[in-house]
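Visitor: Take a look at the following structure, please.
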DNA sequence: CTTTACTCTGAATCATGGT
DNA sequence: CACCATGATTCAGAGTAAA
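Protein chains in written order, with full-length UniProt numbering: chain A, 1 to 377; chain B, 1 to 377.
And the structure:
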């Protein structure tokens, strides 16, 4: 309490010098309470996801998946997680400038609770943004869809805060002159960017890619703005903020993370003002699945496909597989099977009847791709 | 209340005939309460997004929620929406079979509240799925990102319901032989698919594309399953269910939507049964005990088995176990043991010599299954 | 040097049937 | 219900080793 008083008595300039571009060690809420109100422009928060894992998971080759089972991710119940979320969001809101905005990232385990709480506390959601991963971990047991994305919520402090920063034109210019969509494509953080210790083990289990945070800051801050990250971890937010000429404040409990983040940020060079353009994400993969031909109506279930010489025939099923008698499988598998080969490109092997002749289904893929390219950017 | 009693007294067959493949007119919750418990396989729900609802919201205890019609009050409104969500989700859960699953679609306006409530009520989220739109509406003011997606939540009835339907192999085969991801790309509903009245105006404001619902039903239902849609609207769920050989039940309040949906569904033709067959994987195959290979003479006691690289050898014993020196056990146990692993699929690990090469014993299992089919037929 | 093959890993709520 | 044996299951990308 006295610490709060002491800070509050200082002039704004001196006050700021105590916490700007630093990492505050300690609990998220109490550290937030030591900061002056209405002092930061943007908050990026990557809170614990509250994964509820039950036992080990092994890959098909029997290797064990290195799960996120850290103590900081464990909560007694949804109620406990909600209380935690409410506490830090309230504290964060006090620190946010009236025209400031907040970003929170999460997965289906926690993001719905976070989003509902944001709304309850008076934040006004501007967008939900989907981070599509180019290289997500597979679903090893084949019991669900591959969990290939995470969700971010972007919200203003109040419904009536209309003066928030959104660099619409810059984003559009960096995106082939079409406005930036709510689905972004980025790889997960690997390779040289991933912080590792002397043993080669990752330092933080959930380090986020810099490109993702860079787009966030380019979209919603101006050079010189102050960016707060209440779950600083390995310091991605600090590194990106410094590189892009923004100020940062980090809050982190664990000394090991603080040390790694400090070292990381110290090594970052701030870009020249002229070079501060939006980082573009990966171009969308051009792949078209056979099932999308059915989805778009280019191919109908029950249709018959042939090879070029019409020696083999197969029926298209509603599930997007090909059937020949009792056997069924993908266009590639069935093409290989009738030829007695190990592999086959079903797109060029199978044909459909058109104008009395045979046309490869690859032609339909080309047409489908035209429709998809607009969304791929 | 008497209506409920009357339905409950009827035999299951008669009961079903009253509501299967029909549209029930009325309020969502009270209509759900007239259906028998544990009677539907999958629920697809597209609830209203608008948080300023028009007054006929009910709390779980059936009391009317008021105070949404006067001055806009965020907190009152969210509370009302939550009560509405809780009421219909509870009623829906009662109707769902223990191994049933539910899909709910929404946007950032409501999906976080729906997701949190799903978790609160004991549903177990399996995936959140992003519908990426190829042709979303632009953001006209340039003050936000283009809202280019909607979110669907797929959840089982309970955490421990593991027996839900998921046609993993079919989805994978239809997707270039890679597992289906959580981000799907579809156009919004336009053109001939979009229902319009004689003036050319769209009949329903939020008609969903059939392709989206088709993928949902292909993924999480089997032919003959019962699909419930408590916010039936223009009847997309019914049309797709009928086309794919699934049963539907719709609930809708407005007669104009019911009329349009009926007409629409009547015009739909169900695909041939053969085209609706869903590709299934090894999981669906009958179990074969290794010892039955010996029983049927496909494998001789005393035969030697090897791993693929011929680093390990084991002898087949008459009791269906494998022996390596002093140690003996099942094909799985011994495969795990020689590799120093916890588990191993002995069927694919062990090979036998044939024509000078090595063939997995899984091949013999396949032959044994063929023999079983003949005997069974 | 280049090319190919193999290994490793990432926010994971990842089984089923019989006794 | 618990316990146990069976046996089904992975994508992209980076890094390293082999050819």
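Cβ atoms here follow ideal geometry from the backbone N, Cα and C, with glycine treated the same way.
The structure presented is a predicted model; accordingly, all values stated were derived computationally and were not measured.
Does residue 334(B) come out as helix, strand or coil in the three-state DSSP assignment?
Guide: Shown here, residue 334(B) sits in a helix according to DSSP, grouped into three states.
Visitor: Let me know the secondary structure DSSP gives residue 293(A) once reduced to three states.
Guide: helix
Visitor: How long is the line joining the alpha carbons of residue 108(A) and residue 125(B), rounded to whole angstroms?
Guide: 8 angstroms
Visitor: Below 8 angstroms on the Cβ atoms is my contact criterion, and I expect residue 106(A) with residue 114(A) to pass it. Report the Cβ-Cβ distance as a whole number of Å.
Guide: 6 angstroms
Visitor: Do residue 243(B) and residue 214(B) have their CB atoms nearer than 9 angstroms?
Guide: yes
Visitor: When you compare the CB of residue 333(A) with every CB in chain B, is at least one pair closer than 9 angstroms?
Guide: yes
Visitor: Taking the alpha carbon of residue 319(B) as the point to measure from, which residue in 134(B), 329(B), 19(B), 26(B) has its own alpha carbon closest?
Guide: 329(B)
Visitor: Since residue 112(A) and residue 116(B) are thought to touch, with beta carbons under 8 angstroms apart, how far apart are those beta carbons, to the nearest angstrom?
Guide: The pair is a contact, with the Cβ atoms about 5 angstroms apart (cut-off 8 angstroms).
Visitor: Can you find a C-beta in chain B that's less than 9 angstroms from the C-beta of residue 99(A)?
Guide: Judged by the 9 angstroms Cβ criterion, residue 99(A) is not in contact with chain B.
Visitor: Check whether the region 222 to 234 of chain B touches the region 256 to 265 of chain B, taking contact to mean three or more Cβ pairs, one atom from each stretch, closer than 8 angstroms.
Guide: yes
Visitor: If the cut is a Cβ gap below 8 angstroms, which residues of chain A does residue 177(B) touch?
Guide: 330, 332, 333
Visitor: List the whole-angstrom C-beta distance separating residue 96(A) from residue 40(A), where the pair is believed to meet the contact cut-off of C-beta under 8 angstroms.
Guide: 6 angstroms
Visitor: For residue 322(B), which residues in chain A fall below 7 angstroms Cβ to Cβ?
Guide: Simply none; closest approach about 19 angstroms.
Visitor: Could you tell me the boundaries of the alpha helix (DSSP H) in which residue 236(A) lies?
Guide: 236 to 243
Visitor: Specify the secondary structure class of residue 349(A) as computed by DSSP and reduced to three states.
Guide: DSSP places residue 349(A) in helix when its eight states are reduced to three.
Visitor: Measure the CB-CB distance between residue 293(A) and residue 365(A) and report whether it falls below 9 angstroms.
Guide: With respect to residue 365(A), residue 293(A) sits close: the two C-beta atoms are nearer than 9 angstroms.
Visitor: Quick check on this structure: which residue in 164(B), 288(B), 275(B) has the alpha carbon closest to the alpha carbon of residue 98(B)?
Guide: 164(B)
Visitor: May I have a chain-ordered list of the beta strand (DSSP E) segments no shorter than 3 residues that lie completely inside the region 98 to 157 of chain A?
Guide: 124 to 133, 149 to 156
Visitor: Who are the neighbours of residue 247(B) on chain A, taking C-beta pairs under 8 angstroms?
Guide: Going along chain A, no residue has its Cβ under 8 angstroms from residue 247(B), so there is no contact; the nearest lies around 16 angstroms.
Visitor: What residues of chain B sit near residue 129(A), judged by a beta carbon separation below 8 angstroms?
Guide: 145
Visitor: Looking at chain A, which residues of the region 174 to 206 of chain B have a Cβ within less than 8 angstroms of any of its Cβ atoms?
Guide: 174, 175, 176, 177, 179, 180, 181, 182, 183, 185, 186, 187
Visitor: For residue 305(A), go through chain B and note every residue whose CB falls closer than 8 angstroms to its CB, in chain order.
Guide: Going along chain B, no residue has its Cβ under 8 angstroms from residue 305(A), so there is no contact; the nearest lies around 13 angstroms.
Visitor: Consult DSSP for residue 327(A) and reduce its assignment to one of helix, strand or coil.
Guide: Assigned with DSSP and collapsed to three states, residue 327(A) falls in strand.
Visitor: Could you tell me whether any non-hydrogen atom of the ligand FAD is closer than 8 angstroms to the CB of residue 79(A)?
Guide: Ligands in the displayed structure: none, and consequently the ligand FAD is not present.
Visitor: Applying the criterion that 16 or more other CB atoms from any shown protein chain within 10 Å of the CB defines a buried residue, is residue 220(B) buried or exposed?
Guide: buried
Visitor: Listed in chain order, which residues of the region 109 to 130 of chain B have Cβ atoms closer than 9 angstroms to some Cβ of chain A?
Guide: Going along the region 109 to 130 of chain B in chain order, one finds 109, 111, 112, 113, 114, 115, 116, 117, 118, 119, 120, 125, 126, 127, 128, 129, 130 with a Cβ nearer than 9 angstroms to chain A.
Visitor: Among 110(B), 226(B), 195(B), which one has its Cα closest to the Cα of residue 19(B)?
Guide: 226(B)
Visitor: Between the Cα of residue 148(A) and those of 168(A), 158(A), 188(A), spot the shortest distance and give me the residue it belongs to.
Guide: 188(A)
Visitor: Identify the contact partners of residue 138(A) in chain B, using a Cβ-Cβ distance below 7 angstroms as the criterion.
Guide: 179
Visitor: Buried or exposed: where does residue 378(A) fall if 16 or more other Cβ atoms within 10 Å of its Cβ makes it buried?
Guide: One cannot answer for residue 378(A) here, as it falls past the ends of chain A, which runs 1 to 377.
Visitor: Quick check on residue 153(B) - is its C-beta less than 9 angstroms from some C-beta in chain A?
Guide: yes
Visitor: For residue 185(B), which residues in the same chain have their Cβ closer than 7 angstroms to its Cβ, ignoring the five residues on either side in sequence?
Guide: 132, 134
Visitor: Taking Cβ positions only, does residue 218(B) come closer than 9 angstroms to chain A?
Guide: It does: the Cβ of residue 218(B) has a partner Cβ on chain A nearer than 9 angstroms.
Visitor: Applying a beta-carbon distance threshold of less than 9 angstroms, which residues of chain B neighbour residue 49(A)?
Guide: What residue 49(A) touches in chain B: nothing, since even the nearest Cβ is about 12 angstroms away.
Visitor: Can you tell me which of the three DSSP states residue 169(A) falls into?
Guide: helix
Visitor: Can you look up residue 42(A) in the DSSP assignment and give me helix, strand or coil?
Guide: strand
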